[in-house]
Amino acid sequence: MTASLEQLRRCHFAVDLGAARTRVYVKGAGLVVDEPSAAAVNTRTGALIAVGEFAEKMTGRTPHYIRVVRPVSGGTVVDIEMAQRMLRHLLGDKLRRTLRRKPRLRAAAAVPHDADPLAQRATVETLVGLGARRVELVDTLIAAAVGCGLPVEQPEATMIIVCGAATTQIAVLSLGSIVTAARIPVGGDAIDHAVVQHLRQHHALMLPSQSVRPLQLALSGNGLTPQGPEQTEIHGRDVATGLARSVHVDTAAVRSAIHTPLTAVLDGIGRVLRDCPPDLVADLTERGIMMVGGSALLPGLDQMLRNAIGVPVHIAERPDVCAVRGLGEMLEGRIQPMALNPLTD
Ligand SMILES: Nc1ncnc2c1ncn2[C@@H]1O[C@H](COP(=O)(O)OP(=O)(O)OP(=O)(O)O)[C@@H](O)[C@H]1O
Ligand SMILES: [Mg+2]
């Protein structure tokens with residue numbers, strides 16, 4: 010599926026439409042958009058009220074005639090028209106005019122590993138609606154590996170885990186291609202959901218949708234590891250009375266609630282390693298695993314993986330923007346393909 014470097018170099022802009030955030034890289038200008046994939050719509054008139062950060066802030070706080078929608082779900086564009094409107098607004102008039110001026114506008118987009126033809130088509134349609142004449146698709150795993158500077162072209166194994174909001178993608182790469190890979194439908198959202206469910210069941214507390222992050226921060230420092238604080242105070246609404254209430258939450262219990270979705274990720278890593286040729290696995294024990302994606306920032310996740318798999322685990326610099334940065338590098342032509350010409354004798 011991944012387009013050739015030659016084709017990518019001819020693209021003018023690159024888009025990573027994620028379940029949580031939308032990112033756009035414009036050739037020559039850099040990363041110009043990094044905002045939540047959300048749009049607020051007036052359901053009476055159909056007008057768009059806000060997009061990105063502002064729309065996300067409105068989530069759960071709107072009157073009945075305003076609805077916050079998310080056009081991307083599970084890494085796939087589910088509402089093409091809304092995705093186009095959102096992208097148009099995120100790009101802004103000035104950038105859109107610059108892009109429109111290009112003859113034969115070309116776009117690149119990151120799509121999840123193993124995206125089915127329908128999902129690929131939805132991404133292409135979205136960008137065609139923005140004026141692109143041609144859309145090149147790149148596997149997120151390759152884009153992210155390039156973006157975090159892994160030596161993907163070398164004949165040695167590198168392992169990458171892309172921890173997104175909706176999915177976790179795992180791959181072993183060698184010689185610029187994917188050797189084995191897996192995509193697991195568990196990501197940051199599932200972890201947030203586990204925390205919310207835990208508080209509901211064990212403390213009869215409903216959390217506002219946007220306050221899971223503070224709880225994660227409370228776990229931070231030592232995060233998922235047992236050295237963290239024992240208790241933390243959380244504010245929410247009582248399930249029965251509807252009144253505001255705060256409780257002291259046992260962090261060890263939250264940690265074990267988080268572990269449940271993470272076992273799926275560990276299973277996936279095991280599967281990828283089992284399918285991988287032994288020579289490459291040997292490389293990995295030395296080199297370790299690179300974590301990218303927003304959820305790689307979940308405090309203590311790296312330590313947990315390190316304990317579970319027994320190999321070094323590194324978090325990339327700015328892990329959340331690795332995929333789009335990788336697309337950018339390819340657009341700017343900074344990545345040289347390794348010459349794998351047939352040997353002549
Ligand atoms: N500092 C942080 N600590 C914990 N989790 C974080 C942090 N920052 C972001 N996240 C989580 O990372 C996720 C977003 O990651 P990312 O931006 O990679 O997702 P995405 O690319 O939109 O999703 P996907 O690739 O699955 O479509 C969210 O679930 C968010 O909760
Ligand atoms: Mg992503």
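Read the sequence shown against the numbering used here and you will find it ends at 354, with the numbers running on by one and no gaps. Backbone N, C-alpha and C define an ideal beta-carbon position, used for all residues, glycine too. Note that the structure is a prediction, hence the values are computed from the model and not measured.
Beta-carbon proximity of residue i to residue j, cut-off 8 Å
i: R115; j: G140; result: no
i: V181; j: V188; result: yes
i: V78; j: M91; result: yes
i: A23; j: G302; result: no
i: E178; j: T149; result: According to the sequence provided, residue 178 is Gln. The question's Glu does not apply to it. Taking 8 Å as the Cβ cut-off, Q178 and T149 qualify as a contacting pair.
i: V147; j: A119; result: yes
i: I169; j: V274; result: no
i: D292; j: A166; result: yes
i: L271; j: M313; result: yes
i: A12; j: E145; result: yes
i: G27; j: G84; result: yes
i: L216; j: V258; result: no
i: A190; j: V171; result: no
i: T68; j: A48; result: no
i: I200; j: L306; result: no
i: V205; j: I267; result: no
i: E239; j: S255; result: no
i: G197; j: A38; result: no
i: L100; j: V333; result: no
i: I318; j: L14; result: no
i: L340; j: K111; result: no
i: I89; j: T52; result: no
i: P321; j: G342; result: no
i: V248; j: A213; result: yes
i: H98; j: L57; result: yes
i: G173; j: S304; result: yes
Where the beta strand (DSSP E) containing residue i begins and where it ends
i: T177; result: 177-183
i: I344; result: That residue, I344, is in no beta strand (DSSP E); it is neither H nor E in DSSP.
i: R192; result: 186-193
i: L26; result: 22-26
i: P45; result: 39-45
i: D247; result: 240-247
i: L57; result: 57-60
i: V50; result: 48-51
i: H122; result: Looking at the DSSP string, H122 is not in any beta strand (DSSP E), and its letter there is neither H nor E.
i: Y74; result: Looking at the DSSP string, Y74 is not in any beta strand (DSSP E), and its letter there is neither H nor E.
i: T31; result: 30-35
i: V2; result: Because the chain is modelled from 10 through 354, residue 2 falls outside the range shown and cannot be assessed.
Start and end residues, alpha helix (DSSP H) containing residue i
i: L208; result: 197-212
i: T107; result: 89-110
i: R283; result: 260-283
i: D311; result: 310-318
i: A174; result: From DSSP, A174 is part of no alpha helix (DSSP H); its letter is neither H nor E.
i: V133; result: 126-138
i: E145; result: That residue, E145, is in no alpha helix (DSSP H); its beta strand (DSSP E) goes 143-148.
i: R18; result: 14-18
i: T294; result: 287-296
Residue i, buried or exposed, once every other Cβ within 10 Å from all chains shown has been counted against 16
i: H73; result: exposed
i: K103; result: exposed
i: T132; result: buried
i: P121; result: buried
i: P126; result: exposed
i: L159; result: buried
i: L309; result: It is Gly, not Leu, that sits at residue 309 in the sequence shown. Per the 10 Å Cβ criterion, buried.
i: L96; result: buried
i: P328; result: buried
i: R106; result: exposed
i: H261; result: A quick correction: the sequence has Ala, not His, at residue 261. Classification of A261: exposed, given that the 10 Å Cβ count is below 16.
i: T31; result: buried
i: A124; result: buried
i: L289; result: buried
i: P186; result: Here the sequence assigns Ser to residue 186, which means Pro is not the residue at that position. So S186 ends up on the exposed side.
i: S265; result: exposed
i: H244; result: exposed
i: T250; result: exposed
i: L17; result: buried
i: P80; result: buried
i: T176; result: buried
i: G55; result: exposed
i: P164; result: exposed
Residue-chain proximity (residue i, chain E), Cβ-Cβ < 8 Å
i: V188; result: This model lacks chain E altogether, as it is built from one protein chain only.
>> Any residue with its Cβ nearer than 5 Å to a heavy atom of ligand 2 should be included. What is that list in chain order?
In response: G27, G173
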